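Student: Count along the sequence shown from 1, add 3, and you get the number used in the working numbering.
Questions regarding the structure given below will be posed in turn.
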Amino acid sequence: MARLLCRSDVESLISMRDVVEILDKTYRGMGEGTVINPAKGTLDLGESGPFPPYHADINSMPAYVGWVDTAGIKWAGGWMDNPAQGLPYVSAIIVLVNPRNGIFTGVLDGTHITNMRTGAQTAVALKYLYPERKSVTLGLFGAGVQGRTQTEAIAEVFSIDELRVYDLHPEAAERFRREMEPKITGKITVCARPEEAAVGDAVITVTHAKDGFFRKEWFAPGTVLFPMGSYKECRDEALLSADFIVVDHIAQCLHRGALKELAEAGKITEDSIDATLGELAAGTKKITASPDSRILCIPIGTGAMDVAVASVVLHRAEERNIDQCFDFAL
Ligand SMILES: NC(=O)c1ccc[n+]([C@@H]2O[C@H](COP(=O)([O-])OP(=O)(O)OC[C@H]3O[C@@H](n4cnc5c(N)ncnc54)[C@H](O)[C@@H]3O)[C@@H](O)[C@H]2O)c1
Numbered sequence: 004m005a006r007l008l009c010r011s012d013v014e015s016l017i018s019m020r021d022v023v024e025i026l027d028k029t030y031r032g033m034g035e036g037t038v039i040n041p042a043k044g045t046l047d048l049g050e051s052g053p054f055p056p057y058h059a060d061i062n063s064m065p066a067y068v069g070w071v072d073t074a075g076i077k078w079a080g081g082w083m084d085n086p087a088q089g090l091p092y093v094s095a096i097i098v099l100v101n102p103r104n105g106i107f108t109g110v111l112d113g114t115h116i117t118n119m120r121t122g123a124q125t126a127v128a129l130k131y132l133y134p135e136r137k138s139v140t141l142g143l144f145g146a147g148v149q150g151r152t153q154t155e156a157i158a159e160v161f162s163i164d165e166l167r168v169y170d171l172h173p174e175a176a177e178r179f180r181r182e183m184e185p186k187i188t189g190k191i192t193v194c195a196r197p198e199e200a201a202v203g204d205a206v207i208t209v210t211h212a213k214d215g216f217f218r219k220e221w222f223a224p225g226t227v228l229f230p231m232g233s234y235k236e237c238r239d240e241a242l243l244s245a246d247f248i249v250v251d252h253i254a255q256c257l258h259r260g261a262l263k264e265l266a267e268a269g270k271i272t273e274d275s276i277d278a279t280l281g282e283l284a285a286g287t288k289k290i291t292a293s294p295d296s297r298i299l300c301i302p303i304g305t306g307a308m309d310v311a312v313a314s315v316v317l318h319r320a321e322e323r324n325i326d327q328c329f330d331f332a333l
């Protein structure tokens, strides 16, 4: 029997603190070789061309995660026209399976898990990159759903002394400030110009941009830059000025997101990647950065993180007898 869990079930069963811990263990598993995570496959629904005309793409993201002994797949996409219609940009579902016998054990809303784990990816990466630090300052581009979970997750690991935010829509940045300021230690400043937000120990871009708005001169020494959006937020010169490059999944990062065009042009290859988050988590590699280093960190998002979080959620649902079940085999 597969347990069916809707978004409110998922929300009641997992906190951001849990997700940060789950990701930490799962990155370690990636580094130790107990996670299997093929690169995601993309179904283009008009995201990069005129047909079909839905301005969307949807990814299949299968994984097996050893520490929860669970296999699964997330089917998740982004619909560009949704926010204007009051619908969330991200839509996702996760299907879990018992790896011993192929019995489906759970079908879960994947949107909340996607949002939480996307924030937690950055928080856990920062923990590996700033192991001595207790507090950080942040610059944030994009005051949307992911901008909020980035902030919440980092606030679980560090105290945030200051956050500077820029959004194409100033009213979105102002809403973000009102909502998120009570959740962090420091002050949130809404920036009128984008370069004013490119300041902090970590600078995060989490927008729908495809035009490479982030300039080389904004990537200051001593910064970790996280291009988290799915397309092209940073100019090539900005990306190429990094002293170190850290990613979550090499093959995937060379075929999608920030590094795609540079990889296609042969300007970034597998050899350009200094470490994966899995290697940092498992301690098999270290980044020996100086205070002036520019570090580019790209957690493009892996199915393993979704499967691990979903597996913990499912386990808790079983314990608490949340038992809307469906037998697909009848
Ligand atoms: N890396 C990952 O694992 C991962 C996971 C989920 C989503 N994403 C990506 O994150 C991005 C944001 O998703 P979301 O759910 O927060 O969307 P959202 O619609 O909730 O928010 C996006 C915000 O970015 C703003 N924006 C757009 N272009 C901008 C620009 N050039 N400068 C500043 N602000 C700009 C918009 O006004 C909006 O407020 C998408 O590209 C999505 O695909 C990545």
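Glycine included, each C-beta is placed from N, C-alpha and C at the ideal position.
As the structure is a prediction and not an experimental result, all values here were calculated from the model.
1) Quick one: Cα of D84 to Cα of T291, how far?
2) What's the gap between the Cα of R238 and the Cα of Q327?
3) For a test of your reading of the model: does the CB of V71 fall under 7 Å from any non-hydrogen atom of ligand 1? Yes or no.
4) Would the C-beta of V148 count as close to ligand 1, meaning under 7 Å from any of its heavy atoms?
5) Could you give the residue range of the alpha helix (DSSP H) that holds D239?
6) Three-state secondary structure (DSSP) at P53?
7) Mapping DSSP to helix, strand and coil, what is C300?
8) Decide if the stretch 238-258 is in contact with the stretch 277-293; the criterion is three or more beta carbon pairs, one per stretch, under 8 Å apart.
9) Return the first residue and the last residue of the alpha helix (DSSP H) that Y67 is part of.
10) Answer with buried or exposed for R196, where buried requires no fewer than 16 other C-beta atoms within 10 angstroms of its C-beta.
11) To which residues of the same chain is G32 closer than 7 Å at the C-beta, ignoring the five residues directly before and after it?
12) Mind checking whether the beta-carbon of L171 lies closer than 7 Å to any heavy atom of ligand 1?
13) Can you list the beta strand (DSSP E) stretches of 3 or more residues lying completely in the stretch 67-91, in chain order?
14) If you measure from the CB of T154, is any heavy atom of ligand 1 nearer than 7 Å?
15) Considering only residues of the same chain and omitting the five flanking positions on each side of D12, which have a CB-CB separation below 6 Å?
16) Got a sec: does ligand 2 put a non-hydrogen atom nearer than 7 Å to the Cβ of Y92?
17) Apply the 10 Å Cβ neighbour rule to D112 and answer buried if 16 or more other Cβ atoms are within range, or exposed otherwise.
18) The alpha helix (DSSP H) that contains V312, what's its start and end?
19) Under 7 Å from any heavy atom of ligand 1, does the C-beta of Q88 make it?
20) Where does V164 sit, in a helix, a strand or coil, going by DSSP?
21) Does K137 pass the burial test, meaning 16 or more other C-beta atoms within 10 Å, or should it be called exposed?
22) Can you tell me which of the three DSSP states Y30 falls into?
23) Report the partner residues of Y169 according to the DSSP bridge assignment.
24) Taking the alpha helix (DSSP H) that I191 belongs to, which residues open and close that run?
25) Enumerated in chain order, which unbroken segments of the alpha helix (DSSP H) with a length of 4 residues or greater are wholly contained in the stretch 90-158?
26) Using only CA atoms, which one of R218, R167, K235 and T125 lies nearest to T192?
27) Just to confirm before moving on: does the CB-CB distance between V227 and D246 stay below 8 Å?
28) Look up G44 in the DSSP assignment and say whether it is helix, strand or coil.
29) So G306 and K77 are in contact, right, with Cβ under 8 Å, and what is the actual spacing, rounded?
30) In its own chain, which residues sit with a C-beta less than 8 Å from the C-beta of G189, not counting the 5 before and 5 after it?
31) Might you give, ordered along the chain, the residues of its own chain that have their beta carbon closer than 7 Å to the beta carbon of A158, omitting 5 neighbours on each side?
Tutor: According to the data block:
1) 43 Å
2) Linking R238 to Q327 through their CA atoms gives a straight-line distance of about 48 Å.
3) no
4) yes
5) D239 to L243
6) coil
7) Three-state DSSP puts C300 in a strand.
8) yes
9) Element bounds for Y67: not the alpha helix (DSSP H) but the beta strand (DSSP E), A59 to V68.
10) Here R196 is exposed: its Cβ has fewer than 16 other Cβ atoms, across all protein chains shown, within 10 Å.
11) V38, V68, G69 and W70
12) yes
13) 73-82
14) no
15) Around D12: I325.
16) With respect to ligand 2, the structure shown offers nothing to examine, as its ligands consist of ligand 1.
17) buried
18) G306 to E322
19) no
20) According to the sequence provided, residue 164 is Asp. The question's Val does not apply to it. In the structure shown, D164 sits in a strand (DSSP, three-state: E or B).
21) exposed
22) The answer is helix: DSSP assigns Y30 an H, G or I state.
23) DSSP lists F144 as partners of Y169.
24) First-last for I191: K190 to V193, but that is the beta strand (DSSP E), not the alpha helix (DSSP H).
25) 114-132
26) R167
27) Their beta carbons are not under 8 Å apart, which means V227 does not touch D246 by this criterion.
28) strand
29) Indeed they touch by this definition, with Cβ atoms about 5 Å apart.
30) Closer than 8 Å at the Cβ level, and outside the excluded window around G189, lie T140, S162, I163, D164, E165 and L166.
31) K186 and I187
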